[in-house]
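**Student:** First, the structure itself, so that you have it in front of you.
Protein chains: 2
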Amino acid sequence: MNYDVDWAKEHLNEHSIKPSTIRIKILQYLMDNRIHPTVEEIYKKLVYEIPTLSKTSVYNTLELFLENGIVQLVNTNEKESRYDIDTSFHGHFKCEKCGKVYDFNITAEELGEDNLKDFCIKDRKIYYEGICKYCLENR
Amino acid sequence: MNYDVDWAKEHLNEHSIKPSTIRIKILQYLMDNRIHPTVEEIYKKLVYEIPTLSKTSVYNTLELFLENGIVQLVNTNEKESRYDIDTSFHGHFKCEKCGKVYDFNITAEELGEDNLKDFCIKDRKIYYEGICKYCLENR
DNA sequence: CTAAATGCAAACGGTTTGCAATGCT
DNA sequence: AGCATTGCAAACCGTTTGCATTTAG
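Sequence order for the protein chains is H and A.
Everything in the first sequence is counted per the numbering used here, starting at 1 for the first residue and increasing by one.
Everything in the second sequence is counted per the numbering used here, starting at 140 for the first residue and increasing by one.
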């Protein structure tokens, strides 16, 4: 646990979210596990520490985090939603072998966006699929 | 109807798919309506022409088209899947007002993809959200 | 004490599945 | 006849909802 309770409280306050035990735990989990987890993964991990935890609360908390810009959705082609604590602009790569989702930087200064001249762009998602370096090595 | 039955049969054959009435109709629909439709939209439209049509068959057919590279999935953040008959590399923009999904060209010759040096990239999806030109004008 | 946060169970909705009915050669 | 295609109904599963219970200031 690298991000302590005080840090989490402060971070939540900065985003106008009232800190609660669950919110703090989920925030800490997201900071310490940069794996773009699903609700299921977060729940399974945290229910050991908080035995009364419900999935509904995990859903509620992530929805709250989304609305307040603490997390962003990763748009994989999976049916389960994945959440990313890093809200900066970057790409996601999902390995079809191991299922891991990697972050990567987009270095193109500017994506030429033909046909979108007069459009108001609010969000850009970059999502790749393939086989990661480590799965390629171990075959 | 700009794409006739003979064209559709030929196209299906080229992709190793045995033509059937439903497959031909769905292919024609996709060619004539470049709106990245959902299963629901395809079903609602075609059930008038094919009263016995079931959603299952629409699902089956699209799955078959996906496997054989006739369509690609559009990875919107919606829960319903959208299908694109244009399998070339291009971006998708979804307007949050009218819900339309627009195609756009990516003109950057090459996206700099840091961290993916030794990864095998099989698919790239570019997805934007915002407000389209026409919804911006009419307000 | 009061309002917010949490949890339970049921409902929801898109998709999938098993299998029977139908169609095609 | 024999195999592929289609359709129906139920199951599936991630998510949402309504509401009762608990928690915190």
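C-beta: ideal position from N, C-alpha, C; glycine also.
Since we're looking at a predicted model, the values are computed, not measured.
1. Taking the alpha carbon of H/H90 as the point to measure from, which residue in A/K148, A/N254 and A/Y168 has its own alpha carbon closest?
2. Taking Cβ to Cβ, would you say H/G112 is nearer than 8 Å to A/I260?
3. Output, in chain order, the set of chain A residues within a Cβ distance shorter than 7 Å of H/E40.
4. For H/C98 versus A/F258, is the C-beta distance shorter than 8 Å?
5. Sorted by chain position, which residues of the same chain lie with C-beta nearer than 7 Å to H/I42's C-beta, five sequence neighbours on each side aside?
6. What is the rounded straight-line gap between the Cα of A/P190 and the Cα of A/F243?
7. Which runs of the alpha helix (DSSP H) fall wholly inside the stretch 8 to 71 of chain H and span at least 4 residues, in chain order?
8. Please confirm whether A/C237 has its beta-carbon closer than 8 Å to some beta-carbon of chain H.
9. For chain H, find out if any of its Cβ atoms is closer than 8 Å to the Cβ of A/G208; answer yes or no.
10. A/K232 CB to nearest chain H CB: under 8 Å?
11. Can a CB atom of chain H be found closer than 8 Å to the CB of A/R263?
12. Which of the three DSSP states, helix, strand or coil, is assigned to H/E78?
13. Could you name the residues that DSSP lists as bridge partners for A/F232?
14. I'd like the list of long-range same chain contacts for H/Y83, defined as Cβ closer than 6 Å, with 5 residues on each side in sequence excluded.
15. Quick one: what does DSSP say H/E137 is sitting in, helix, strand or coil?
16. Using the beta-carbon of each residue, which ones in chain H are nearer than 9 Å to A/A147?
17. Roughly how many whole angstroms lie between the Cα atoms of H/H125 and A/C274?
18. Against chain H, with Cβ distances strictly below 8 Å, would A/D143 count as a contact?
19. Suppose the cutoff is 8 Å on Cβ atoms and the five residues either side in sequence are ignored; what does the same chain contact list for H/E96 look like?
20. For my contact list, H/T76 and H/Y127 are in at a C-beta cut-off of 8 Å; report their separation, rounded to the angstrom.
**Tutor:** In terms of the structure at hand:
1. Restricting attention to A/K148, A/N254 and A/Y168, the CA atom closest to the CA of H/H90 is found in A/N254.
2. Not in contact: H/G112 and A/I260 (Cβ atoms no closer than 8 Å).
3. Residues of chain A passing the Cβ test: none, with the nearest at roughly 17 Å.
4. Going by C-beta atoms, H/C98 is not nearer than 8 Å to A/F258.
5. The residues I26, Y29 and V58, in chain order, have a CB closer than 7 Å to that of H/I42 in the same chain once the five nearest residues on each side in sequence are set aside.
6. Going by C-alpha positions, A/P190 is about 36 Å away from A/F243.
7. Runs found: 21 to 32, 39 to 46 and 55 to 67.
8. So, not an interface residue.
9. Under the Cβ distance rule, A/G208 does not count among the residues neighbouring chain H, no pair being separated by less than 8 Å.
10. A small fix is needed here, since residue 232 of chain A is Phe in this sequence, not Lys. For A/F232, the answer is yes, since a Cβ of chain H falls inside 8 Å of its Cβ.
11. Output row for A/R263: interface = yes.
12. In the structure shown, H/E78 sits in coil (DSSP, three-state: anything other than H, G, I, E or B).
13. A/Y241 and A/Y267.
14. Closer than 6 Å at Cβ, skipping near neighbours: L62 and V71.
15. Helix, per DSSP.
16. Going along chain H, no residue has its Cβ under 9 Å from A/A147, so there is no contact; the nearest lies around 27 Å.
17. For the sequence presented, residue 125 of chain H should be read as Lys rather than His. Spanning the two alpha carbons is a distance of roughly 21 Å.
18. Cβ-Cβ to chain H under 8 Å: no for A/D143.
19. The answer, listed in chain order, is E129, G130 and I131.
20. Contact between H/T76 and H/Y127 holds: their C-beta atoms lie close to 7 Å from each other, under 8 Å.
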